[in-house]
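J.: All the letters of the sequence shown, read from the start, carry residue numbers -25 to -1, 1 to 161 under mature numbering (1 follows the signal peptide of the UniProt record, and there is no 0). Think of the CB as a built atom: it goes at the ideal place given N, C-alpha and C, for glycine as much as any other residue. Only a predicted model underlies this, so the values are computations on that prediction, with no experimental measurement involved.
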Amino acid sequence: MKKAFMVKSVVLAMVMAGGISSAMAATSGSSSTVQGGTVEFKGSVVDAACAVTADTTNQVVNMGQVKLSAFTGKDSVANQKTPFSIKLADCDTTIASQASVTFDGNAAAGEAGVLDNTSGAGNAAGVGIQIYDKDGSALDLGTASQAVTLIDGDNTLNFSADYYQTADTATAGSVDTTATFNVTYQ
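#1: So what does Val41 bridge to, in DSSP terms?
#2: Can you tell me the Cα-Cα spacing of Asp115 and Cys25, whole angstroms?
#3: Please classify Ser19: is it buried, with 16 or more other beta-carbons within 10 angstroms of its beta-carbon, or exposed?
#4: Could you give the C-beta distance for Phe156 and Phe59, rounded to a whole number, given that I count them as a contact under 8 angstroms?
#5: Would DSSP call Asp129 helix, strand or coil?
#6: Tell me which residues share the same chain as Ala100 and place their Cβ nearer than 6 angstroms to its Cβ, disregarding the 5 neighbours each side in the sequence.
#7: Does DSSP put Ala154 in a helix, a strand or coil?
#8: Determine the contact status of Leu125 and Cys66, defining contact as a CB-CB distance below 9 angstroms.
#9: Under 8 angstroms: do the segment 136 to 155 and the segment 77 to 86 share three or more Cβ pairs, one atom per stretch?
#10: Nearest to Ala136 by alpha carbon, out of Ala74, Ala53 and Leu43?
#11: Give a yes or no on whether the minimum CB-CB distance between Thr47 and chain B is below 9 angstroms.
#12: Mind reading off the beta-carbon distance from Thr68 to Ala119? Whole number of angstroms is fine, and I expect it under 8 angstroms.
#13: Run through the segment 22 to 89 for me and flag every whole alpha helix (DSSP H) of 4 or more residues, listed as ranges in chain order.
#14: Would you kindly work out how many angstroms separate the C-alpha atoms of Ala(-1) and Thr13, rounded to a whole number?
The following block contains the structure:
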């Protein structure tokens, strides 16, 4: 009887040890840590009548494709205006009642209002981008848009952009350029 009890105790101890060992192995085998990457947070705190919304702070305007034959010579446009907007949130008209936007960037040679195409392999030559105000008038870089009367809350400032032939001869290729903008509150 004593021997049977001892055998049962040893067997029970072995089973328990195996179970604990298996549980530990299962726990340690199901968890691992790997390098995942980084998360970058960007923003700013402003002391102004409104805040520019995050979705329009760094936006990409997809201009689409246009045929080279759309241009008729230097200073012609493709007549394919692409709308875009700058959204202002949480506006307080007791601080300012109007807002205007000034765009800036690398101007094409001899064209104060046209953003120069980034040069490089595969890029179009003799073509830039012209920005237009809400009424369709061309905006020169560094010149404020028409002032928009603000309302309390959210406001949208509408613009458009079009391809612009900057040289006597244009060639096909990619068009990539960047404009920065500032909002002035009055």
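T.: Based on what the coordinates show:
#1: Sequence index remark: in the sequence shown, residue 41 carries index 66 (1-based). Partner(s): none; Val41 has no beta bridge.
#2: Locating residue 115 in the sequence shown gives position 140, where the first residue counts as 1. Locating residue 25 in the sequence shown gives position 50, where the first residue counts as 1. Looking at the two C-alpha atoms, the distance is approximately 24 angstroms.
#3: Within the sequence shown, numbered from 1, the residue matching residue 19 stands at position 44. Result: exposed.
#4: Your numbering for residue 156 matches position 181 in the sequence shown. Your numbering for residue 59 matches position 84 in the sequence shown. That pair is no contact at about 11 angstroms.
#5: As a position in the sequence shown, residue 129 is number 154, starting the count at 1. Strand at Asp129.
#6: Position 125 of the sequence shown holds residue 100. Correct list, in chain order: Thr146.
#7: In the sequence shown, residue 154 corresponds to position 179, counting from 1. In this structure, Ala154 counts as strand in the three-state DSSP scheme.
#8: Taking the sequence shown and counting its residues from 1, the one referred to as residue 125 is at position 150. Taking the sequence shown and counting its residues from 1, the one referred to as residue 66 is at position 91. Yes; because the gap between Cβ atoms is below 9 angstroms, this pair is in contact.
#9: yes
#10: Residue 136 sits at position 161 when you count from the first residue of the sequence shown. Minimum Cα distance to Ala136 is reached at Ala53.
#11: Among the chains of the structure shown, chain B does not appear; only one protein chain is present.
#12: The count along the sequence shown starts at 1 and reaches residue 68 at position 93. The count along the sequence shown starts at 1 and reaches residue 119 at position 144. Going by Cβ atoms, the distance from Thr68 to Ala119 rounds to 19 angstroms, so no, they are not a contact pair.
#13: 29 to 32
#14: Here residue -1 is taken as the residue at index 25 of the sequence shown, counted from 1. Here residue 13 is taken as the residue at index 38 of the sequence shown, counted from 1. Note on Ala(-1): pLDDT 49, under 50, position unreliable in the model; the coordinate value appears next. Roughly 31 angstroms between the two C-alpha positions.
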